[in-house]
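As structure tokens, the structure follows; a few thoughts come after it.
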């Protein structure tokens, strides 16, 4: 199987993968056309590689498109699984909408930056001044219900399988490990959460993602997913992700791991 990667660090451990620098893509179009799958292109490469060259992409184009920002992601989830999405409004950042939100939404609530990850750009709004400051810095108001939780779940999907599922618990509002959250491996993960994530990811063809899930009265509530998720906090997770990727791309007949080539 001929594989080309545009991100060598995300494909460590995969056999026979050739690395091409993203900015040199147009110099290697013949090789790209001959490849069986293109791995981890930049978002800016996606349209050319998928729609023009019609190549298979991993992660899937859906994973890229829905994972690109919280607006696209949330709107899709509100249709696919509305009962699993916290109450959310997405509005233009105008003075009228700011006043309307402050009149209708009980404090505190959550406000998010449309494109951010690792817990960055997520704010707990306790008063009008905080929300007005957020609105001045953002063209889109992303307002979401604050859920009554102390921890959340990270559930990692690669291909068609759950690779890891664990609780994260923070000392403050954020549970992300990158923001100081602690992994709680001793706590059992409810199967209703992993079953939900696996079913949804397969339905939408999301094949490389870290889903953030809150459990509210036994119901999994979908916060977001990250296409490029971190491996920190879980020993051996990077290797498990690489193994799952190999199984997905090659099936059970993968050749022995080899060295990546570089162009």
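Residue numbers (this note's numbering): 20 to 282.
Beta carbons: idealized from backbone N, C-alpha and C, even for Gly.
If you draw a straight line from the C-alpha of residue i to the C-alpha of residue j, how long is it?
{"i": "residue 254", "j": "residue 125", "result": "41 Å"}
{"i": "residue 48", "j": "residue 144", "result": "49 Å"}
{"i": "residue 79", "j": "residue 178", "result": "9 Å"}
{"i": "residue 27", "j": "residue 201", "result": "28 Å"}
{"i": "residue 103", "j": "residue 238", "result": "7 Å"}
{"i": "residue 279", "j": "residue 148", "result": "Low confidence applies to residue 279: its pLDDT is 48, below 50, so where it sits in the model is not reliable, and the reading given next is rough at best. So the alpha carbons of these two residues sit roughly 52 Å apart."}
{"i": "residue 141", "j": "residue 123", "result": "20 Å"}
{"i": "residue 270", "j": "residue 67", "result": "27 Å"}
{"i": "residue 65", "j": "residue 83", "result": "8 Å"}
{"i": "residue 117", "j": "residue 150", "result": "8 Å"}
{"i": "residue 121", "j": "residue 129", "result": "12 Å"}
{"i": "residue 33", "j": "residue 261", "result": "7 Å"}
{"i": "residue 55", "j": "residue 74", "result": "8 Å"}
{"i": "residue 105", "j": "residue 24", "result": "36 Å"}
{"i": "residue 273", "j": "residue 263", "result": "Here residue 273 scores only 44 on pLDDT, less than 50, and its place in the model should not be relied on; the value that follows carries that caveat. Straight-line Cα distance between these residues: approximately 11 Å."}
{"i": "residue 277", "j": "residue 209", "result": "The pLDDT assigned to residue 277 is 44, lower than 50, so where the model puts this residue is not dependable, and the model offers no usable value."}
{"i": "residue 50", "j": "residue 71", "result": "15 Å"}
Could you please give the first and the last residue of the uninterrupted alpha helix (DSSP H) stretch that includes residue i?
{"i": "residue 53", "result": "48-53"}
{"i": "residue 267", "result": "256-269"}
{"i": "residue 80", "result": "80-86"}
{"i": "residue 98", "result": "89-99"}
{"i": "residue 150", "result": "147-155"}
According to DSSP, which residues form a beta bridge with residue i?
{"i": "residue 131", "result": "141, 161"}
{"i": "residue 120", "result": "According to DSSP, residue 120 bridges with nothing at all."}
{"i": "residue 232", "result": "172, 241"}
{"i": "residue 201", "result": "188"}
{"i": "residue 227", "result": "177"}
{"i": "residue 213", "result": "Answer by DSSP bridge pairing: none, since residue 213 is not bridged."}
{"i": "residue 24", "result": "38, 58"}
{"i": "residue 183", "result": "175"}
{"i": "residue 253", "result": "Looking at the DSSP assignment, residue 253 forms no beta bridge with any residue, so it has no partner."}
{"i": "residue 248", "result": "Answer is none; residue 248 lacks a bridge partner."}
Please report the residue range of the beta strand (DSSP E) in which residue i lies.
{"i": "residue 243", "result": "238-245"}
{"i": "residue 108", "result": "107-111"}
{"i": "residue 33", "result": "First-last for residue 33: undefined, no H or E at that position."}
{"i": "residue 67", "result": "From DSSP, residue 67 is part of no beta strand (DSSP E); its letter is neither H nor E."}
Contact check, residue i vs residue j under 8 Å by CB: the rounded distance?
{"i": "residue 259", "j": "residue 182", "result": "5 Å"}
{"i": "residue 256", "j": "residue 250", "result": "4 Å"}
{"i": "residue 159", "j": "residue 107", "result": "The Cβ separation is near 12 Å, so there is no contact."}
{"i": "residue 229", "j": "residue 170", "result": "With 8 Å as the limit, residue 229 and residue 170 do not qualify as a contact, their Cβ atoms being about 15 Å apart."}
Taking one C-beta from the stretch 231-251 and one from the stretch 166-178 each time, how about it: are there three or more such pairs within less than 8 Å? yes
Count the C-beta pairs between the stretch 129-136 and the stretch 87-101 that are closer than 8 Å, then say yes if the count reaches three, no if not. yes
Does the count of Cβ pairs from the stretch 183-190 and the stretch 35-42 closer than 8 Å reach three? no
Taking 8 Å as the cut-off, does the stretch 144-158 touch the stretch 113-123 (at least 3 CB pairs, one atom from each stretch)? yes
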